[in-house]
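Participant:
Structure follows, in structure tokens:
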């Protein structure tokens, strides 16, 4: 579960906004490629609350690595593939 | 700050142990490449508690993405470079 976004985390998220948006865009691209037209269907597929997953795709969640790895497992994509040439 | 590892997180960390160890090994490799012979010196450099950073390198921390991005900034390495050919 991503932590409640406190003021301090909010400023940190903003410090890394470019990377957070790139991660979100890449999630969206791979989610569609995996055949999940709507993000809430994918969220249901991996057993994640849909508004939480929506924040991931918008780059607005200070997520934990285990949650991220669960998402990649649901997309059947490795860490290496996720950050390879499509990540820009 | 990585969350206290609860039983539930512990089982999730174990589910993804291979990836967590690969991340830890890559951190160690890049930390040494950046000239920080000892992990506690690097932890001090990025303003992180040394035992916490030590858990990252051992693959034992369910860290948040913002903490990870702070570490990469301290190593002057991008997400793409981190997970590129050296990540195996």
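Residue numbers (our numbering), protein chains in the order written: chain A, 11 to 98; chain B, 11 to 98. Glycine residues also receive a C-beta, built at the ideal position from the N, C-alpha and C atoms.
Name the DSSP bridge partner or partners of residue 74(A)?
Facilitator: In the DSSP output, where bridge partners are listed per residue, residue 74(A) has 74(B).
Participant: Spell out whether any CB of chain A is found under 9 Å from the CB atom of residue 56(B).
Facilitator: It does not; no Cβ of chain A falls within 9 Å.
Participant: So, are the CB atoms of residue 104(A) and residue 53(A) less than 9 Å apart?
Facilitator: In this structure chain A extends from 11 to 98, so residue 104(A) is not present and cannot be described.
Participant: Can you confirm whether residue 76(A), when its beta carbon is compared against all beta carbons of chain B, has any partner nearer than 9 Å?
Facilitator: Chain B contact via Cβ: present.
Participant: Of all Cβ atoms in chain A, is any one closer than 9 Å to the Cβ of residue 23(B)?
Facilitator: For residue 23(B), the answer is yes, since a Cβ of chain A falls inside 9 Å of its Cβ.
Participant: If the cut is a Cβ gap below 7 Å, which residues of chain A does residue 72(B) touch?
Facilitator: Neighbours of residue 72(B) on chain A, chain order: 74, 75 and 76.
Participant: Run through chain B and tell me which residues come within less than 7 Å of residue 29(A), C-beta to C-beta.
Facilitator: Result: 79 and 89.
Participant: How about residue 35(B): is its C-beta nearer than 9 Å to some C-beta of chain A?
Facilitator: It does not: the Cβ of residue 35(B) has no partner Cβ on chain A nearer than 9 Å.
Participant: Please decide whether residue 94(A) counts as near chain B, where near means a Cβ-Cβ distance under 9 Å.
Facilitator: Interface residue, yes.
Participant: For residue 97(B) and chain A, any beta-carbon pair shorter than 9 Å?
Facilitator: So yes, residue 97(B) belongs to the interface.
Participant: Less than 8 Å between the CB atoms is what I'm expecting for residue 5(A) and residue 96(A), so what's the real figure, rounded?
Facilitator: Because chain A in this structure spans residues 11 to 98, residue 5(A) falls outside the shown range and cannot be described.
Participant: Can you list, in chain order, the residues of its chain whose CB lies under 6 Å from that of residue 50(B), leaving out five sequence neighbours each side?
Facilitator: Within the same chain, residue 50(B) has close Cβ partners 60.
Participant: The alpha helix (DSSP H) with residue 34(B) in it runs from where to where?
Facilitator: Looking at the DSSP string, the run of the alpha helix (DSSP H) that includes residue 34(B) is 27 to 43.
Participant: Would you please state the rounded distance, in angstroms, between the beta carbons of residue 75(B) and residue 73(A)? I believe it to be under 8 Å.
Facilitator: The pair is a contact, with the Cβ atoms about 6 Å apart (cut-off 8 Å).
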